[in-house]
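When you line the sequence shown up against our numbering, it's residues 107 to 386, in that order.
Beta carbons are placed, not taken as given, at the ideal position from N, Cα and C, and that holds for glycine.
Single-structure report; data block below.
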Amino acid sequence: MQIKNRVNVKIKSIAFGGEGVTRVNNLVVFVAFAAPGDELEVEIVQRKKKFARAEIVKIIKPSEGRIEPLCRYYGHCGGCCYQHMKYEMQLAVKKKQVIDAFEKIGGIAAPPVHEIIASPKIYHYRGKAQLHAAQEADGQKLGFMDVSGADVVNIERCEIVDETINEKIEILRRDKLSEERGEGGYTIWSGVCGVRTEKKETIARVVKEKDFLVPQEGFFQANLYLTDRLVDEVCRAAAVEKIDTLVDAYCGSGLFSVLLSPFARNVIGIEQDDKAIECA
107 MQIKNRVNVK
117 IKSIAFGGEG
127 VTRVNNLVVF
137 VAFAAPGDEL
147 EVEIVQRKKK
157 FARAEIVKII
167 KPSEGRIEPL
177 CRYYGHCGGC
187 CYQHMKYEMQ
197 LAVKKKQVID
207 AFEKIGGIAA
217 PPVHEIIASP
227 KIYHYRGKAQ
237 LHAAQEADGQ
247 KLGFMDVSGA
257 DVVNIERCEI
267 VDETINEKIE
277 ILRRDKLSEE
287 RGEGGYTIWS
297 GVCGVRTEKK
307 ETIARVVKEK
317 DFLVPQEGFF
327 QANLYLTDRL
337 VDEVCRAAAV
347 EKIDTLVDAY
357 CGSGLFSVLL
367 SPFARNVIGI
377 EQDDKAIECA
């Protein structure tokens, strides 16, 4: 099998990272933007010794879980890779990826992986966006990196971020980009007044009635509608038995360190971001 060869395939599963997986003459072939059960005509675009990559030429018979993506930039923007699947299929795919990681990488047979807790919102749930700006001959672009990671996709809105972030993207496009002609990026948080671009600033977040500060460029749980539920699940697991020392690795601003402190005698947070530690 060589580059530009075309073959008909049926997608068996989805690999970590979002590519569909199939086999042709016992060679593993990865297909971007495929869904389990898709019957496709694909063209080989990359050939390695142990695998190949292909692009969809034609959908012969779509999977029952395939849907039309809501986002107008989908397939070009590199921010999402599952929007062409029904949400229930996305959850099943991600659960299988976790199981595969334990079995194939960890060597753990039949790991006890629970069902994924679904988000109450499947669009407009993210509380943070990191946008890239690039200056080109026809003007400045603002958006996310494309699927190759080499170019910026110029966007007007994003279908997975909170609508307050989309409002700020509109403000940036209208005001900031007319003032600034450089390249770089912007980190935008939901629920914050105005468009903040100073990296020294901190963002306030409230979880389970406790206040947290997060560095402007720092990490916090992305799903605005699942963070409380995530904390509840972790606390329920921690309450099963008495804990002497609890280690919160990659603790960020201390979300779990703080909320799990009633369940352990000692809590140790580990984090390399000095600003996040100061906030914690």
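- Judged by beta-carbon spacing, residue 198 lies beyond the 7 Å limit of residue 169, meaning their Cβ atoms are not closer than that value.
- Nearest neighbour of residue 160 by Cα position, chosen from 172, 171 and 147, turns out to be 147.
- Judged by beta-carbon spacing, residue 337 lies beyond the 7 Å limit of residue 316, meaning their Cβ atoms are not closer than that value.
- Excluding residues up to 5 positions away in sequence, 176, 265 and 266 lie with their Cβ nearer than 7 Å to the Cβ of residue 229 in the same chain.
- With respect to residue 329, residue 231 sits close: the two C-beta atoms are nearer than 7 Å.
- Residue 355 is a Cβ neighbour of residue 376, given a cutoff of 7 Å.
- Closest in C-alpha terms to residue 221, from the list 182, 202, 209 and 255, comes 202.
- If you draw a straight line from the Cα of residue 233 to the Cα of residue 374, it is about 27 Å long.
- For the pair residue 253 and residue 324, the CB atoms are not nearer than the 7 Å cut-off.
- For residue 267, there is no enclosing alpha helix (DSSP H), as DSSP gives it neither H nor E.
- Residue pairing by DSSP places residue 275 in no beta bridge whatsoever.
- Going by C-alpha positions, residue 224 is about 24 Å away from residue 117.
- Membership of residue 204 in the alpha helix (DSSP H) is indicated by the continuous run 193 to 206.
- Counting the other CB atoms within 10 Å of its CB gives residue 114 a total below 16, which places it among the exposed residues.
- By the neighbour-count criterion, in which 16 or more other beta carbons inside 10 Å mark a residue as buried, residue 128 falls on the buried side.
- If the five residues before and after residue 296 are omitted, its C-beta is found closer than 6 Å to the C-beta atoms of 233, 268, 270 and 271, all from its own chain and listed in chain order.
- Bounds of the beta strand (DSSP E) holding residue 115 are 112 to 116.
- Unbroken alpha helix (DSSP H) runs of no fewer than 4 residues, entirely contained in the stretch 325 to 384, are found at 333 to 344 and 361 to 365, following chain order.
- Taking 7 Å as the cut-off, the beta carbon of residue 258 is found no closer than this to the beta carbon of residue 179.
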